[in-house]
Amino acid sequence: MSNFTKSKEMGKEIDSDNTKKRRKSVSGNSGISLKDGDTYKVIISYEEKEAMERLPESDSESFLSTCDNIRRAMNKIAKLKTSGDTNAKDEIRELQIQTSLAFIELKN
Numbered sequence: 001m002s003n004f005t006k007s008k009e010m011g012k013e014i015d016s017d018n019t020k021k022r023r024k025s026v027s028g029n030s031g032i033s034l035k036d037g038d039t040y041k042v043i044i045s046y047e048e049k050e051a052m053e054r055l056p057e058s059d060s061e062s063f064l065s066t067c068d069n070i071r072r073a074m075n076k077i078a079k080l081k082t083s084g085d086t087n088a089k090d091e092i093r094e095l096q097i098q099t100s101l102a103f104i105e106l107k108n
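In terms of UniProt numbering, the sequence shown opens at residue 1 and continues consecutively.
Next up, the structure:
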């Protein structure tokens with residue numbers, strides 16, 4: 001009798017697990033259904049299309065200009081940090097943000 005009770009309890013657990021799984025899958029299909037790999041492929045194809053439309057010379061100039069901006073900002077940050085000026089913290093923070101955004105620009 002205890003075996004019957006256990007299997008019945010196990011059946012309830014399995015049913016509740018299936019219900020939970022169904023609920024998740026139903027709510028997951030409400031939006032656009034793209035797999036992670038598909039989304040990645042769409043993004044890559046879009047970026048490749050953009051790259052093909054640009055001139056290589058302009059990409060090179062943009063890259064070099066951005067690298068120069070990063071170099072100048074990092075030099076200025078280093079000078080401000082060694083100066084010991086207490087008012088320089090805001091300027092350092094602003095330069096750090098600009099430099100971070102420049103790194104993101106390089107990724108494009």
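Note that beta-carbon positions come from the ideal geometry of N, C-alpha and C, so glycine has one too.
Query: With DSSP as the reference, label Asp90 as helix, strand or coil.; Result: helix
Query: By how many angstroms is the C-alpha of Asp68 removed from the C-alpha of Lys107?; Result: 15 Å
Query: Please report the distance separating the alpha-carbon of Gln96 from that of Gly84.; Result: 17 Å
Query: Using a threshold of 7 Å, state whether the C-beta atoms of Thr99 and Ala78 are closer than that.; Result: no
Query: With DSSP collapsed to three states, give me the class of Arg54.; Result: coil
Query: Could you pull out every residue in the same chain whose Cβ sits closer than 7 Å to the Cβ of Thr66, ignoring the five residues on either side in sequence?; Result: Ala102, Glu105 and Leu106
Query: Measure the beta-carbon distance from Ile92 to Lys81 and round it to whole angstroms, keeping in mind my assumption that it falls under 8 Å.; Result: 7 Å
Query: Rounded to a whole number of angstroms, what is the C-alpha to C-alpha distance between residue 130 and Leu64?; Result: Outside the displayed span of the chain (1 to 108) sits residue 130, for which this structure offers no information.
Query: Given this structure, state the Cα-to-Cα distance separating Glu48 from Arg54, to the nearest angstrom.; Result: 10 Å
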